[in-house]
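Colleague: Numbered according to numbering that gives the first Met the number 0, the sequence shown spans residues 0 to 179.
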Amino acid sequence: MRPRAPENYVPLIRAADIDDRVAQLGRDITRDFADRPLTALVVLKGSFIFAADLIRHIALPLHVEFIGLRSYGDRTSTSGVVEITMDLKHPVEGQHILIIEDIVDSGLTIDYLRKNLETRSPSSVSLAALLHKPTAARVPVTIDYRGFEIADRFVVGYGLDHAGLYRNLPDIGYLDPPPA
Ligand code: IMP
Numbered sequence: 000m001r002p003r004a005p006e007n008y009v010p011l012i013r014a015a016d017i018d019d020r021v022a023q024l025g026r027d028i029t030r031d032f033a034d035r036p037l038t039a040l041v042v043l044k045g046s047f048i049f050a051a052d053l054i055r056h057i058a059l060p061l062h063v064e065f066i067g068l069r070s071y072g073d074r075t076s077t078s079g080v081v082e083i084t085m086d087l088k089h090p091v092e093g094q095h096i097l098i099i100e101d102i103v104d105s106g107l108t109i110d111y112l113r114k115n116l117e118t119r120s121p122s123s124v125s126l127a128a129l130l131h132k133p134t135a136a137r138v139p140v141t142i143d144y145r146g147f148e149i150a151d152r153f154v155v156g157y158g159l160d161h162a163g164l165y166r167n168l169p170d171i172g173y174l175d176p177p178p179a
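Laid out in structure tokens, this is it:
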């Protein structure tokens, strides 16, 4: 039985297309890191499904760490203030870090995280983001592994929520009309 989408849900990216793209990203990451051990840093909550799928396509020695960040609350636009809701549990000094993020919208969350990680002296920091809304950018962000570029609309599904709901939808879609 598939989870039921709300009435105003319009599918945008189907689960089969997400699967193909995520597998390709995993192959790219495997090739680029060429047997160097990697620490996947999963940004909670929205990235948990993307990360679970992506890491199973990365054929490298891999550690997984989690960090919780929040800047949206229940709204559909950033508050501009990024909070750590759950910090890393281990030092990442000297490690190659791959940030796994669901979506880069304004870019403020990733900008904050990259600056925060710099103070912890990793060997390198790369970014895998499933979705990117380039027209919403408020700060420049380099995405090393990008799944899909999308328009500046609020999307849900495949881990992404609105007010905590819809993370369990297998496809990604937007809400039309959008939430208030
Ligand atoms: P940014 O800081 O504006 O780039 O937003 C990054 C975070 O905001 C993401 O990790 C998501 O948690 C959330 N976010 C941004 N856009 C959307 C969206 O369209 N749907 C659901 N969550 C979003």
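The C-beta atom is built at its ideal place from N, Cα and C for all residues, glycine as well.
From a predicted model like this one, the values you see are computed outputs, not experimental measurements.
1. Given the structure, does Phe65 come close to ligand 1, in the sense that its CB is under 7 Å from one of the ligand's heavy atoms?
2. Taking only runs that begin and end inside the region 76–145, name each unbroken alpha helix (DSSP H) of 4 or more residues, in chain order.
3. Would you list the residues sitting across from Ile66 in a DSSP beta bridge?
4. What are the boundary residues of the beta strand (DSSP E) that Leu53 is part of?
5. In the DSSP output, which residue or residues are listed as bridge partners for Phe153?
6. So the alpha helix (DSSP H) Gly25 belongs to, where does it begin and stop?
7. If you measure between the beta carbons of Ala184 and Thr29, is that distance less than 8 Å?
8. Taking just the CA atoms, how far does Ile48 sit from Val154?
9. State yes or no: is the C-beta of Tyr144 nearer than 7 Å to some heavy atom of ligand 1?
10. Over what stretch of residues does the beta strand (DSSP E) that includes Ile171 continue unbroken?
11. Out of curiosity, what's the CA-to-CA distance linking Pro176 and Ala4?
12. Measure from the alpha carbon of Ala15 to the alpha carbon of each residue in Asp34, Arg55, Thr108, Tyr157, then state which is nearest.
13. Can you find a heavy atom of ligand 1 that lies under 7 Å from the Cβ of Glu82?
14. Please state whether DSSP places Leu159 in a helix, a strand or coil.
15. List the DSSP bridge partners of Leu164.
Modeller: Looking at the atomic coordinates:
1. no
2. 107–117
3. Val42
4. Per DSSP, Leu53 belongs to no beta strand (DSSP E); it is in the alpha helix (DSSP H), 47–54.
5. DSSP, once it has assigned bridges, lists no residue as partnering Phe153.
6. 14–32
7. Only positions 0 to 179 of the chain appear in the structure, and residue 184 is not among them; the question remains open.
8. 15 Å
9. no
10. 171–174
11. 14 Å
12. Tyr157
13. no
14. strand
15. His161
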